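There are 2 protein chains.
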Amino acid sequence: MKNDESKPIYTISDLAQAFDITTRTIRFYESEGLLQPQRAGQKRLYGHGDFVKLKLIVRGKRLGFSLAESKELIEMYDPQHNNQDQYQKVLEKVQESRTRLEQQKRDIETMMRELDAHEARVRHAMESLS
Amino acid sequence: MKNDESKPIYTISDLAQAFDITTRTIRFYESEGLLQPQRAGQKRLYGHGDFVKLKLIVRGKRLGFSLAESKELIEMYDPQHNNQDQYQKVLEKVQESRTRLEQQKRDIETMMRELDAHEARVRHAMESLS
DNA sequence: TCTCAAGTTGACGTTTACGTCAACGTCATA
DNA sequence: TATGACGTTGACGTAAACGTCAACTTGAGA
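Chains A and B are the protein sequences, given in the same order.
Just so we're aligned, residue 13 is where the first sequence starts under my numbering, counting upward by one.
Just so we're aligned, residue 13 is where the second sequence starts under my numbering, counting upward by one.
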């Protein structure tokens, strides 16, 4: 019975500053269906839910997710959009995401090891001409 | 004194199959300066070095690296391209890469926790109407 | 010798994720 | 009242990362 989306209100430039993106980008995300802010006249007003969605989007970008993928995640988390007969599909999507993230984790560990090895090589080469 | 780039020879379609990409993509990478295969007449011939570079590129793509970034990594690993007075820069790039990967690792862990939490919510909701 | 699979080089098209610019509305305040 | 600062809606431009297509060559096998 809780009416979320109430308290903290942000302007578009608040969010732009908070996430270090442009207002143009935020409007673009809206046009792509990733955000649906309130309006006060024609001005957009963003609430906590929008803040959370944006956080998910920018984090997704750091991990190479497309906007379409982030949109899917947002919808997956959205309690409106997933009614009873979709629970199973949600669980499958959760599992897909996990699989992908695990692959990325392995990739990161491999790259880290290669970076360590390369740093060692370079340091060794530097020493051998001091 | 070791002459690398000798033994295993691949055709362009060998590599396309091995990495599940198209030959068009491989030629595109070459045109962007990421690969420089040998030629037999006008046919391209790829060696072990090219294989390794491609592996780095596709892994990079899974982590959201641009081709320009993968190219930088390839050049960083290339012993030709980094002579004495560039050692310091190489070490800085290694450190940059590490920083980025560590951020991604944190992002992954956060997302994993959120996925776990969401799965729990969904499962609970499913039970409460069995 | 024919042919067929595999490879090659342009040239052009496409999708994604925004940037840029113009033209306009709307407040708060000097 | 006018002058910014901030916001809005199109319309168009752009860079990256390929895909698609056409027109051609080349080598191995029937």
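The beta-carbon is built from N, C-alpha and C at its ideal position, and this holds for glycine as well.
No experiment lies behind these values; they were computed from the predicted model shown.
Residues in its own chain within less than 7 Å of R112 of chain A by CB, not counting five upstream and five downstream? The residue labelled residue 112 of chain A in the question sits at position 100 within the first sequence. Contacts found: none.
Cutoff 6 Å; reference E87 of chain A; Cβ partners in own chain excluding five residues on either side: Indexing the first sequence from 1 puts residue 87 of chain A at position 75. Cβ within range, chain order: H93.
Hey, which unbroken runs of the alpha helix (DSSP H) at 4 residues or more fall wholly within the region 41–105 of chain A? 60–74, 79–89
Quick check: the region 97–115 of chain A against the region 119–134 of chain B, are at least 3 beta-carbon pairs closer than 8 Å? yes
By the 10 Å Cβ neighbour count, where 16 or more other Cβ atoms means buried, how is L141 of chain A classified, buried or exposed? Along the first sequence, one-based indexing puts residue 141 of chain A at 129. Here L141 of chain A is exposed: its Cβ has fewer than 16 other Cβ atoms, across all protein chains shown, within 10 Å.
Distance check for L127 of chain A and M13 of chain A, CA to CA, integer angstroms please. Walking along the first sequence from the start, residue 13 of chain A turns up at place 1. Walking along the first sequence from the start, residue 127 of chain A turns up at place 115. Caution applies to M13 of chain A, whose pLDDT of 48 falls short of 50 and renders its modelled position unreliable; the model cannot decide the point.
Count the other CB atoms, across all protein chains shown, that sit within 10 Å of the CB of G45 of chain A; report buried if there are 16 or more and exposed otherwise. Position 33 of the first sequence holds residue 45 of chain A. G45 of chain A is exposed by the Cβ-count criterion.
How is the alpha helix (DSSP H) around L141 of chain B delimited, first residue to last? Here residue 141 of chain B corresponds to residue number 129 of the second sequence, with the count starting at 1. For L141 of chain B, there is no enclosing alpha helix (DSSP H), as DSSP marks it with neither H nor E.
Classify Q29 of chain A: buried if its beta carbon has 16 or more other beta carbons within 10 angstroms, exposed otherwise. Here residue 29 of chain A refers to the residue found at position 17 of the first sequence. Its Cβ having fewer than 16 others within 10 Å, Q29 of chain A is exposed.
Could you tell me which chain A residues have their CB closer than 8 Å to the CB of Y99 of chain B, listed as they occur along the chain? Start at 1 with the first residue of the second sequence, and residue 99 of chain B comes out as number 87. Ordered by position in chain A, the residues that pass the 8 Å Cβ test against Y99 of chain B are V134, A137, M138.
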